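Asker: Take the sequence shown: its position 301, counted from the start at 1, is 301 in the UniProt record's numbering, and no numbers get skipped.
C-beta atoms are modelled at their ideal positions from N, C-alpha and C, and glycine is treated no differently.
Computed from a predicted structure; not experimentally measured.
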Amino acid sequence: MSFCIYDSDIVVCNSNHLITYNIDNNLVSTIALPHMECNKGVNKDNNIDVESYHMIISTTFSNDGKYFLVCTNRKQLCLYERKSKRLISNRILPRAASKVIFSPNNDIIVADKAGDAYLFSTTNPIENGALLLGHLSMLLDILVTEDGKYILTTDRDEKIRVSMFPHSYNIVSYCLGHSKFVTNICELPHKKKILISSGGDGTFMLWNYEFGRELLTVNFSEKIAKYNIDKFNQILKTNHYEEYVNVLPVKHLKATALNKLSSLLVISFYSSNILLVYIIDETMESHLTSTWIETIIMEDEPLDCFLKNHQMWVLTNAGVNVYILKNNHFVLDSITNNTLKELNEVWMSLNNNTLRQNLFPILYKRKYDNVQQYLERKKSRLSNTLE
């Protein structure tokens, strides 16, 4: 599940509903996702019933706060006006999305599981999407830089591609260094010309993305207890996947500026209740250093997290909790949390332990045992022949 924040407005999503909340006036409202206009071709994903794990893929506000969007794993893309909460468009995408963001001028960019990225107009909701670029493998994250010059895309095959925007056929560079899929990228908040990336190899990396040059690699695998790895591998085995991992895949990588020379970084993981917190510092010689400051163990797996003004907002099945950074450690922000009681009550009434985002069909290979079925069919044919 997902949530997003703009100024005093919060949008929290579960499988079928949006909860909007304004902190200033303590106003909560609930919006049911609109009916899908067409379900054709949205039945199966890797032989798994999509309906069984219907979830929100992306929720985000536009940069100016005029719009917010919601995209589900059933190819549904809904665009709303923030202030009026009016539904502007209810699209059915041609392919399932892996990430959806706004462009600097409020158009919508969709990265899909076929490896393509499309640009959709917000002013003309019935217009088809325009192809921006394509990869040979599934896209996992997408970013338009703050200056609007570049579009960065990551895929399942360890690549980060830097292209011009919107003329994305012009490739500027590749950032190559990860040994597994790359699930998250973001600009370093205090120095936007630097990119942060992370995924499935137990590291986060900092890049001069215009030249594809690696600046710093930080290995965080030793910060994760072995029982977390064992638990994840057991889940893979139970669901008949071939992979055996030594590190947890990164679910979210969030960053916020602390000052002009340092940024705060928070990392969450799939099937885990831990958060790793780092500070990235820039020396006077423009060298970058990384310092681990703490590991936060939550009561439940974080569904999403958001950093804002030295605060960390975390969504779990119990609702939204806010932490504030004091002396380089996060502590519960009791004042803000007290104002969120009504929001969390509505969330709990609608949530009903909604399913977490399922990464397995996207990144891991499933094992199929066809031998037993073959033997049964052969036995049946022999029986029919003898008769």
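Quick one: what does DSSP say Asp230 is sitting in, helix, strand or coil?
Answerer: helix
Asker: So Ser163 and Ile151 are in contact, right, with Cβ under 8 angstroms, and what is the actual spacing, rounded?
Answerer: Between Ser163 and Ile151, the beta carbon gap of about 5 angstroms places them in contact (Cβ cut-off 8 angstroms).
Asker: Please name the residue or residues paired with Val346 in a DSSP beta bridge.
Answerer: Answer by DSSP bridge pairing: none, since Val346 is not bridged.
Asker: Run through DSSP, which three-state label would Ile92 get?
Answerer: Reduced to three states, the DSSP call for Ile92 is strand.
Asker: Identify, in the order they occur along the chain, each residue of the same chain with its Cβ nearer than 8 angstroms to the Cβ of Lys308, setting aside the five sequence neighbours on each side.
Answerer: Ile5, Thr256
Asker: If you follow the beta strand (DSSP E) that Thr256 is in, where does it begin and where does it stop?
Answerer: 250 to 259
Asker: Per DSSP, what are the beta-bridge partners of Glu81 in this structure?
Answerer: Tyr67
Asker: In this structure, does DSSP put Asn338 in helix, strand or coil?
Answerer: helix
Asker: What did DSSP end up calling Gly171 once you bin it into helix, strand or coil?
Answerer: It should be noted that the sequence gives Ile, not Gly, for residue 171. Of the three classes helix, strand and coil, the one that applies to Ile171 here is strand, per DSSP.
Asker: Would you decide whether Asp147 is buried or exposed? Buried here means 16 or more other CB atoms lie within 10 Å of its CB.
Answerer: exposed
Asker: Could you give the residue range of the beta strand (DSSP E) that holds Asn184?
Answerer: 182 to 187
Asker: Within 10 Å of its beta-carbon, does Lys254 have 16 or more other beta-carbons around it, so buried, or fewer, so exposed?
Answerer: Buried, since its Cβ has 16 or more Cβ neighbours within 10 Å.
Asker: Taking only three categories from DSSP, how would you classify Asn384?
Answerer: helix
Asker: Of the residues Ala318, His35, Phe3, which one's Cα is nearest the Cα of Tyr21?
Answerer: Phe3
Asker: Report yes or no: do the segment 167 to 179 and the segment 230 to 237 share at least 3 C-beta pairs separated by less than 8 angstroms?
Answerer: no
Asker: Whole angstroms is fine: what's the gap from Leu195's alpha carbon to His178's?
Answerer: Cα to Cα, the separation comes out at about 13 angstroms.
Asker: Which residues does DSSP list as the beta-bridge partners of Ile235?
Answerer: According to DSSP, Ile235 bridges with nothing at all.
Asker: Sort Phe165, Ile126, Phe102, Ala97 by Cα distance to Asp116 and report the nearest one.
Answerer: Of the candidates Phe165, Ile126, Phe102, Ala97, the one whose C-alpha sits nearest the C-alpha of Asp116 is Ala97.
Asker: Compute the Euclidean distance between the alpha carbons of Ser272 and Leu315, then round it to the nearest angstrom.
Answerer: Put simply, the backbone Cα of Ser272 is about 14 angstroms away from that of Leu315.
Asker: In angstroms with no decimal places, state the Cα-to-Cα distance between Ile23 and Thr291.
Answerer: Their Cα atoms are separated by approximately 33 angstroms.
Asker: Which term fits Leu77, buried or exposed, when burial requires 16 or more other beta carbons within 10 angstroms of its beta carbon?
Answerer: buried
Asker: Between which two residues does the beta strand (DSSP E) harbouring Asp281 extend?
Answerer: 274 to 282
Asker: Would you mind stating whether Val250 and Ile274 have Cβ atoms separated by less than 7 angstroms?
Answerer: No, Cβ-Cβ distance for Val250 and Ile274 is not below 7 angstroms.
Asker: When the Cα of Ser84 is compared with those of Pro94, Phe68, Ile229, which residue comes out closest?
Answerer: Phe68
Asker: Count the other C-beta atoms from every protein chain shown that fall within 10 angstroms of the C-beta of His252, then say buried if there are 16 or more, exposed otherwise.
Answerer: buried
Asker: Which whole-angstrom value describes the C-beta separation of Val182 and Leu140, a residue pair presumed to lie in contact below a C-beta threshold of 8 angstroms?
Answerer: 6 angstroms
Asker: What does the Cβ neighbour count give for Ala225, buried or exposed, with the cut at 16 atoms within 10 Å?
Answerer: Taking every protein chain shown into account, the CB of Ala225 has fewer than 16 other CB atoms within 10 angstroms, so this residue is exposed.
Asker: Where does Asn22 fall in DSSP's three states?
Answerer: strand
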